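Student: Just so we're aligned, residue 0 is where the sequence shown starts under numbering that gives the first Met the number 0, counting upward by one.
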Amino acid sequence: MKIGITNDHAAAQLKFSIMKYLEENGYEVINYGTDGTEAFDYPQAAIPLCKALQNKEVDLGIAICGTGVGISISCNKHKGIRACCCSDTASARLTRTHNDANVICFGARIVGEELAKDIVHTFVTTPFSNEDRHIRRVQQITEIENNQL
Ligand code: RB5
Numbered sequence: 000m001k002i003g004i005t006n007d008h009a010a011a012q013l014k015f016s017i018m019k020y021l022e023e024n025g026y027e028v029i030n031y032g033t034d035g036t037e038a039f040d041y042p043q044a045a046i047p048l049c050k051a052l053q054n055k056e057v058d059l060g061i062a063i064c065g066t067g068v069g070i071s072i073s074c075n076k077h078k079g080i081r082a083c084c085c086s087d088t089a090s091a092r093l094t095r096t097h098n099d100a101n102v103i104c105f106g107a108r109i110v111g112e113e114l115a116k117d118i119v120h121t122f123v124t125t126p127f128s129n130e131d132r133h134i135r136r137v138q139q140i141t142e143i144e145n146n147q148l
């Protein structure tokens, strides 16, 4: 599985820890974020990751900023992106099984490194449930996005 990761200036250090963790566990990781601490606007950080997902260059995405909120809002403005901002593993699991989320977001100023790794592990190892009611609801999200609802 190929995973894209991106971040703003608040999250470079956590991004590197997550990349190392994923690579040690056999995932291919593509880095779309900033590697420094100089101000880097989170909407800009979201763009290349979302484009890579839309072009199917990566299977899932991870987006990190200070809170996880700004970058999740930004990701969710891109067509076909379902980004979940969360600080717990239950949400990371349920957003895959229920929402077929393709981006997980969290805040480098909110979650610690170990919790962040657990969130990422849960997110990348949990499949979509493919249950009818969840397929229907995700389809409705797409219809809203396409101005059909
Ligand atoms: C940057 O200071 C901060 O605003 C950003 O990382 C994020 O928390 C926004 O939601």
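All C-beta atoms, glycine included, are put in the ideal place defined by N, C-alpha and C.
In this text the structure is predicted, and so the values were computed from the model without any measurement.
If we count Cβ pairs, one from each stretch, closer than 8 Å, do we get three or more for the stretch 3-14 versus the stretch 57-72?
Tutor: Touching, yes.
Student: Would you mind working out which of Cys64, Arg92, Leu48 sits nearest Ala100, comparing C-alpha positions?
Tutor: If you number the sequence shown from 1, residue 100 lands on position 101. The residue with the shortest Cα to Cα distance from Ala100 is Arg92.
Student: Comparing alpha-carbon positions, which option in Ile134, Asn75, Cys104 lies nearest His120?
Tutor: Here residue 120 refers to the residue found at position 121 of the sequence shown. The shortest Cα separation from His120 among Ile134, Asn75, Cys104 belongs to Cys104.
Student: Can you determine whether any heavy atom of the ligand RB5 sits closer than 7 Å to the C-beta of Val110, and answer yes or no?
Tutor: In the sequence shown, the residue the question calls residue 110 occupies position 111. Checking every heavy atom of the ligand RB5 against the Cβ of Val110, none is found closer than 7 Å.
Student: May I have the straight-line CA-CA distance separating Asp34 from Ile4, to the nearest angstrom?
Tutor: If you number the sequence shown from 1, residue 34 lands on position 35. If you number the sequence shown from 1, residue 4 lands on position 5. Whole-angstrom Cα-Cα distance: 11 Å.
Student: Just mark Lys55 as buried or exposed, buried being the case when its beta carbon has 16 or more other beta carbons within 10 Å.
Tutor: Here residue 55 refers to the residue found at position 56 of the sequence shown. So Lys55 ends up on the exposed side.
Student: Do you know whose CA, among Thr36, Ala38, Tyr26, Glu37, lies nearest Ile61's CA?
Tutor: Along the sequence shown, read from residue 1 onward, the residue named residue 61 stands at position 62. When each option's Cα is compared against that of Ile61, the closest is Tyr26.
Student: Excluding the 5 residues preceding and the 5 following Glu37 in the sequence, name in chain order all residues of the same chain whose CB lies nearer than 8 Å to its CB.
Tutor: Counting from 1 along the sequence shown, the entry for residue 37 is found at position 38. Excluding positions up to five away in sequence, the list reads His8.
Student: The ligand RB5 heavy atoms versus the CB of Ala51: any closer than 7 Å?
Tutor: Counting from 1 along the sequence shown, the entry for residue 51 is found at position 52. No, the beta carbon of Ala51 sits no closer than 7 Å to any heavy atom of the ligand RB5.
Student: What residues in its chain sit with their C-beta under 7 Å from that of Glu22, if we drop five residues either side in the sequence?
Tutor: Position 23 of the sequence shown, counted from the start, is the residue given in the question as residue 22. Cβ neighbours of Glu22 beyond the five flanking positions: Val28.
Student: Under a three-way DSSP split, which group does Asp109 fall into?
Tutor: For the purposes of this step, residue 109 is taken as the residue at position 110 of the sequence shown. Note on identity: in this sequence residue 109 is Ile, with Asp being the wrong assignment. Ile109 falls in the coil class under three-state DSSP.
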